[in-house]
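The structure appears below as structure tokens.
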Amino acid sequence: GAVVSQHPSWVICKSGTSVKIECRSLDFQATTMFWYRQFPKQSLMLMATSNEGSKATYEQGVEKDKFLINHASLTLSTLTVTSAHPEDSSFYICSARGAVGLAGGPSYNEQFFGPGTRLTVL
Amino acid sequence: QQPVQSPQAVILREGEDAVINCSSSKALYSVHWYRQKHGEAPVFLMILLKGGEQKGHDKISASFNEKKQQSSLYLTASQLSYSGTYFCGTEQYDYKLSFGAGTTVTVRA
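Those sequence lines, one after another, are chains Y and G. According to our numbering, the first sequence is numbered sequentially starting from 44. According to our numbering, the second sequence is numbered sequentially starting from 317.
In structure tokens:
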């Protein structure tokens, strides 16, 4: 159990275009999803926290108008990188956390990561 | 605030042991450990909650000393499959995780 999927797994786009990345919890309901960015050989940096039905909370230094997050349901969150530029190229990873006690979900506050999306902006 | 991990890297032969440390300057509610292989997403290993607990999974175990705000991950009798970068993620009281810089473990035959 506790499987998180991401789509697409990789994407190459031209500078100025927008890219949407989907994150789904397949076998549990995720009350909270997190979006991270990871540059080569570096740690995971939290970008934003997304709760179903409410606005995402962005970390300091992350432009909310550039990285649009929508948490439409308990199993789906999307990250849209708007007007992407080469410096946005990175590995974007989502994680999902389920509510305590929900059948089939994590037992307590574990965060399970999706497989990641490698974005390359030309 | 990012926790501090040490060492940055370690090279082992199969069967050897290693310890990875993670420390924070802030009071912690829980510590999460993950392993990441090159080009892949991190894989959850275990979570330790406050209360000084220890946990184990096969020959990988961890401890959490909440008073010292430190956690350690123990790799015992390492196997080739243990190679990867290990990250600790620390949680204060808001469900968000701050990740350390990672410890690269290389296990050689």
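No residue lacks a Cβ here, since even glycine has one placed at the ideal position from N, Cα and C.
query = For the beta strand (DSSP E) that Y/K63 lies in, which residues bound it at each end?
reply = As a first step, residue 63 of chain Y must be located in the first sequence, where it is residue number 20. It spans 62-68 - the beta strand (DSSP E) in which Y/K63 sits, taken as one unbroken run.
**Asked** Cβ of G/Y411 within 8 angstroms of Cβ of G/I336?
**Response** In the second sequence, counting from the first residue as 1, residue 411 of chain G sits at position 95. In the second sequence, counting from the first residue as 1, residue 336 of chain G sits at position 20. No, they are not a contact pair.
Practice task
Measure the beta-carbon distance from Y/R67 to Y/V47 and round it to whole angstroms, keeping in mind my assumption that it falls under 8 angstroms.
Solution key: The residue labelled residue 67 of chain Y in the question sits at position 24 within the first sequence. The residue labelled residue 47 of chain Y in the question sits at position 4 within the first sequence. The beta-carbon separation of Y/R67 and Y/V47, rounded to 7 angstroms, stays under the 8 angstroms limit for a contact.
- Message: Give me, in chain order, the residues of the same chain whose beta-carbon lies closer than 8 angstroms to that of Y/V105; leave out the 5 immediate sequence neighbours on both sides.
- Response: Position 62 of the first sequence holds residue 105 of chain Y. Correct list, in chain order: M90, A91.
ask   = Residue range of the beta strand (DSSP E) that G/Q352 falls in?
value = The residue you call residue 352 of chain G lines up with position 36 of the second sequence. Per DSSP, G/Q352 belongs to the beta strand (DSSP E) from 346-352.
Using alpha carbons as the reference points, say which of Y/T160, Y/V164, Y/Q72 lies closest to Y/C137.
Against the first sequence, residue 137 of chain Y aligns to sequence position 94. When only C-alpha atoms are compared, the closest one is Y/T160.
With a threshold of 8 angstroms between beta carbons, is Y/R67 in contact with chain G? As a first step, residue 67 of chain Y must be located in the first sequence, where it is residue number 24. For Y/R67, no CB of chain G lies under 8 angstroms from its own CB, so it is not counted at the interface with that chain.
* **Inter-residue Cα distance where the pair is G/A343 and Y/D70** => Residue 343 of chain G sits at position 27 when you count from the first residue of the second sequence. Residue 70 of chain Y sits at position 27 when you count from the first residue of the first sequence. Going by the C-alpha atoms only, they are around 33 angstroms apart.
### Query
Start and end of the beta strand (DSSP E) containing G/A343?
As a working note, residue 343 of chain G is residue 27 in the second sequence. Counting along the chain, G/A343 falls outside any beta strand (DSSP E), and DSSP gives it neither H nor E.
Rounded to whole angstroms, how far is the Cβ of G/L444 from the Cβ of G/V421, which I believe are closer than 8 angstroms?
No information on residue 444 of chain G is available, as it lies outside the stretch 317 to 425 that chain G covers here.
What residues from chain G crowd round Y/I136, counting only those whose CB sits closer than 7 angstroms?
Position 93 of the first sequence, counted from the first residue, corresponds to residue 136 of chain Y. Within 7 angstroms Cβ-Cβ: A357.
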